[in-house]
Amino acid sequence: MIQLALRMYHVPEVIQVMLDDYFSGFRMSFSTNMYTTNWINLEVGIAMGCTISPILFVMAMEVILKAAEGSAGPANLGGGCSMPPLKVFMDDTTIICSKEDETRRMLTRLDDLMA
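Okay, so the sequence shown: first residue is 785 according to this note's numbering, each after it adds one.
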């Protein structure tokens with residue numbers, strides 16, 4: 785998803801390759817007083833504490849939300865008021881639809897995008 789977001793926002797290829805190289809080298813290990821695991825390669829995600837990670841997270845979320853937003857129309861709140869079907873703050877996403885089938889369609893679309 786990160787690579788798709790980088791392409792969508794026209795990030796130069798040299799930067800895309802640099803970020804791919806940077807994130808592909810992450811490994812971790814767990815230790816206790818009595819045991820230490822072998823090194824594990826991390827294959828998915830972004831690094832907590834890394835200064836570029838929040839930007840990459842927002843870019844990837846924006847790709848997902850833009851792709852899903854056409855799955856349902858605005859929610860009718862009554863009294864002539866409506867609201868967009870997706871409300872997002874950081875990593876929390878709320879789906880608001882007037883009809884059950886629109887909610888299911890939106891959830892299915894989001895699920896498909898994440899697969």
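Where is the CB? At the ideal position from N, CA and C, for every residue including glycine.
Just so we're clear, the structure is a prediction, and the values are computed from it rather than from any experiment.
Enclosing beta strand (DSSP E) for residue i [first to last residue]
i      : result
ASP876 : 876-879
LEU826 : Counting along the chain, LEU826 falls outside any beta strand (DSSP E), and DSSP gives it neither H nor E.
MET867 : 865-867
ALA859 : 859-862
Own chain, CB closer than 8 Å to residue i, minus 5 neighbours either side, in chain order
i      : result
GLU853 : PRO868, PRO869 and LEU870
Residue from the options with nearest C-alpha to residue i
i      : options                           : result
TRP823 : ALA859, ALA831, VAL801 and PHE810 : PHE810
ASP895 : LEU849, PRO858 and PHE807         : LEU849
MET874 : ILE839, ASP804 and THR835         : ILE839
LEU803 : LEU788, MET898, ASN817 and MET812 : LEU788
ASP885 : GLY857, ASN825 and TYR806         : GLY857
Contact under 7 Å by Cβ, residue i with residue j
i      : j      : result
MET832 : TYR793 : no
ARG893 : SER866 : no
MET890 : ILE879 : yes
LEU790 : ALA851 : no
MET841 : ILE830 : Per the sequence shown, residue 841 should be read as Phe rather than Met. Going by C-beta atoms, PHE841 is nearer than 7 Å to ILE830.
SER882 : ALA899 : no
Delimiting residues of the alpha helix (DSSP H) encompassing residue i
i      : result
LYS850 : 837-852
GLN807 : A quick correction: the sequence has Phe, not Gln, at residue 807. Counting along the chain, the alpha helix (DSSP H) containing PHE807 begins and ends at 797-808.
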